[in-house]
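Chemist: Just so you know, the protein sequences line up as chains A and B, in that order.
So for the first sequence, our numbering puts the first residue at 1; every next one is plus one.
So for the second sequence, our numbering puts the first residue at 1001; every next one is plus one.
There's a structure below that I have some questions on.
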Amino acid sequence: MRLEPRTQVPLALAIAAPAGAIALALLLAAIPLIWAEVSVFEAYGLIFKGALGSRFAITETLARATPLIFTGLAAAVAFRAKLWNIGAEGQLYLGALAAAAVGTGAVAMPTFAMIPLVLVVGALAGALLMLIPTLLKLRLGVDEVVTTLLLNFVVLLFVSMMIEGPMKDPMGMGWPQSEPIVDEATLPKLVARTRVHAGLILAILAGIAVWVMTQRSVWGFEARAVGASPAAARFAGMPVPRVMIRVGLISGALAGLAGVGEVAGLKGYLTLDLSPGFGYSGIVVAMLAQLNALAVIVAAMFVAVVFVGADFMSRAIGVSNYLANLVVATSLLTMLLASLATRYRLRWH
Amino acid sequence: MEIIEILLTVSFWAAATRIATPLIFGTLGELICERAGVLNLGIEGIMTAGAMAGWMAVYQGADLWTGVLFAFAVGMIFGLVHGIFTVPLGLSQHVTGLGLTLLATSLAYFTYRMILPDVPSPPRIEPFQPFAIPYLSAIPFIGPAFFKQTALTYLAFVSVVVVGLVLYKTPLGLALRAVGENPAAAEAQGIDVYVMRVGAVMVGSGFMAIGGAFVTMSAFNAFFFEMIAGRGWICIALVVFASWRPGKALLGALLFGAFDAFQVRLQQALGGDIPYQIFLMLPYVFSILALIVMSRRAAYPKALMVPYRKGER
């Protein structure tokens, strides 16, 4: 009996692997539920109901999925090229800060110009932030994992400084928050009186665009080749540093857009609790999707269901909503196990 | 002038040592893992879990040392998970580690909320108290700065020496370094690479957890959410800074502690002219800069992040 690497993954297995991983994660998460002395079926029923049980619940889930699609894509794009961007959280906040800087009245333009402006500025901020660790990696051999992680803390403090200082809302009753985003820069709601906004459409479009890029373009091919083997890519004449920089910029821009969506579509102003770790959850989304951009959209929906549903369950039966983080973290680890099945097969001789 | 005076006070160096202690444990732990060839990004979560577990054990009535042991055991269990995933299964060390950080952190928070569902303010324990080491604490300046600390700080100093001796003076240390440099050659010497690597990750993770426990059981006396605040990531930078050597790890951690303590005092000295966030950023920026300086000549363990499969080249 031995393991043999697969040359290609059958579609059924590509779907069964994450499904199995999620099932296993939900099974494992039953342990803390039993500890909390609640009915496991009731708890999962409430999660399902809270996330998908009503029209309002579904819009909440879609709103939560929006930033997760962006950060999931950011991770998927980078990880494919083995560029370990763990800084999506920081890029998200810097994108949000940039959007708030131009979107709170500093620039006055009509809607058709204002919305593209905040999107571009936010994406640019995220991209430029990711450029720092990418260049440090390429030029000086500095490990990007640590730099992106540490930059998250620097950016969060910078945002805190801005919204307590120059960008603080004088009408904010002393709370550290930016002024509200002007109407012209606000992303329109998709459903009236809910929180789901046009960012969702943009996220899905971004997913399709990234999929086309990775699967059907030279850029995507180069990124994959660099990820698989930088030496081989260099030997094949690919400009490895340029490919890495491109990947870093795209990844950072996607994370920045997540921040724009949250500030200009959902919250309406910038605070320090804009993201409950969307940048980190994006990594789980990307892995569940096996780094496939279209699958990222589906995986983000799953993670959103867990988070929104767990909030509801927590309010209903008093089990801490950290259960959601537990389910999501466990599903990342079970997905890693499931990925063995997609990468290898058993041979019996 | 005022700034230089800060550096010459005993209380400054005592504070620097206090700040450095969790980093010494964390850096040693990460160093042990990486010397065996396994990057452990679970460190941030393991430190959080250790902080919660050790504190909670004491809060539930255990004595302080039992709490430390419990934290160590919890760290070992997370280390076992990381070890199994990355060594025999050969899964991505990056992704497994991050997953472990997410898991350990959420497990710590969930458990805290389960046991203490609604407490208005975090409950406190009686933490480790500082005591003077006879003779050593009598040395002028150095004595009161470094040898009037709590027991866990002394344990950190001792751990540096022990880990250094084991790594460089024992067959076990040789075997550990061998599996991190050239696992195939180690295997040919009759060393079980899997056992060695998983064992190293477990022990290393145990150290990380004690580093976390120091924060709740010695530096403070309560557990807060997000109190580890990136200390784990700073340890990963410190390992590179230390060129994977325990002695330099101690030096790096103390340097960082001094920098952090200095930043706090500078903030007080300069008052409200500069936003306090600038000062809080400095330690993270300092870590990045240290990493940049040291990465040029970083001699990574050769087999770091390379999974080993028996019988494969």
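C-beta atoms are modelled at their ideal positions from N, C-alpha and C, and glycine is treated no differently.
(1) Show which residues of chain B have a CB atom less than 9 Å away from the CB atom of G165 of chain A.
(2) Who are the neighbours of N325 of chain A on chain B, taking C-beta pairs under 8 Å?
(3) Spell out whether any CB of chain B is found under 8 Å from the CB atom of Y280 of chain A.
(4) Is the Cβ-Cβ distance between V1058 of chain B and F1141 of chain B less than 8 Å?
(5) Taking the C-alpha atoms as reference points, what is the distance between Q1100 of chain B and L249 of chain A?
(6) Three-state secondary structure (DSSP) at K189 of chain A?
(7) Using only the alpha-carbon positions, how far apart do S229 of chain A and A1185 of chain B sit?
(8) Please list the residues of the region 1226–1242 of chain B that have a C-beta atom closer than 8 Å to any C-beta atom in chain A, keeping them in chain order.
(9) Check the Cβ-Cβ distances between R1296 of chain B and every residue of chain A, and say whether any is below 8 Å.
(10) Counting C-beta neighbours from all protein chains within 10 Å, is the total for Q1093 of chain B 16 or more, i.e. buried, or is it exposed?
(11) Inspect the beta-carbon positions of V260 of chain A and G122 of chain A and report whether they are closer than 8 Å.
(12) Assign K168 of chain A to one of three DSSP states: helix, strand, or coil.
(13) Say whether the region 1016–1024 of chain B touches the region 1073–1082 of chain B, bearing in mind that this needs 3 or more beta-carbon pairs closer than 8 Å, one atom from each stretch.
(14) Do three or more CB pairs link the region 99–109 of chain A to the region 181–190 of chain A at distances below 8 Å?
(15) So, with DSSP's three-state summary, where would you put Q1268 of chain B?
(16) Please list the terminal residues of the continuous alpha helix (DSSP H) segment that includes L1172 of chain B.
(17) At 9 Å on the CB atoms, spell out the chain A contacts of T1216 of chain B, in chain order.
(18) What are the residues in the region 1074–1085 of chain B lying within 7 Å of chain A by C-beta distance?
(19) I'd like to check one pair, V218 of chain A with M244 of chain A: are the Cβ atoms closer than 8 Å?
(20) On the three-pair Cβ rule with 8 Å, is the region 253–272 of chain A touching the region 34–52 of chain A?
(21) Cβ atoms of M335 of chain A and P18 of chain A: under 8 Å apart, would you say?
(22) Which value, in whole angstroms, describes the spacing of the CA atoms of F221 of chain A and N321 of chain A?
(23) In the DSSP assignment, find the unbroken beta strand (DSSP E) run with L326 of chain A in it and report its ends.
(24) Confirm, please, whether the CB-CB distance from V159 of chain A to L119 of chain A is below 8 Å.
(25) Check whether the Cβ of P230 of chain A lies closer than 8 Å to any Cβ atom in chain B.
(26) Is L1289 of chain B buried or exposed, if buried means 16 or more other CB atoms sit within 10 Å of its CB?
(27) What residues of chain A sit near L1289 of chain B, judged by a beta carbon separation below 8 Å?
(28) Are there three or more Cβ pairs, one per stretch, closer than 8 Å when the region 51–69 of chain A is compared with the region 123–141 of chain A?
Modeler: Inspection of the coordinates gives the following:
(1) Those are P1275, Q1277, listed as they occur along chain B.
(2) L1102, T1105, S1106, Y1109, F1110
(3) yes
(4) no
(5) One point to set straight first is that residue 1100 of chain B is Leu, not Gln, in the sequence displayed. In a straight line, the C-alpha of L1100 of chain B is about 27 Å away from that of L249 of chain A.
(6) strand
(7) 24 Å
(8) Of all residues in the region 1226–1242 of chain B, only A1229, G1230, W1233, I1234, I1236, A1237, V1240 place a beta-carbon less than 8 Å from a beta-carbon of chain A.
(9) At least one CB atom of chain A sits nearer than 8 Å to the CB of R1296 of chain B.
(10) buried
(11) yes
(12) strand
(13) no
(14) yes
(15) Looking at Q1268 of chain B - three-state DSSP - the assignment turns out to be helix.
(16) Judged by DSSP secondary structure, L1172 of chain B falls within the alpha helix (DSSP H) whose first and last residues are 1171–1181.
(17) None at all; the shortest Cβ gap to chain A is about 18 Å.
(18) Here the close residues are F1085.
(19) no
(20) no
(21) yes
(22) 41 Å
(23) In the DSSP assignment, L326 of chain A falls outside any beta strand (DSSP E) and lies within the alpha helix (DSSP H) extending over 322–343.
(24) Contact flag unset, no.
(25) no
(26) exposed
(27) Residues of chain A passing the Cβ test: none, with the nearest at roughly 10 Å.
(28) Using a C-beta cut-off of 8 Å, the region 51–69 of chain A makes no contact with the region 123–141 of chain A, since fewer than three inter-stretch Cβ pairs fall below that distance.
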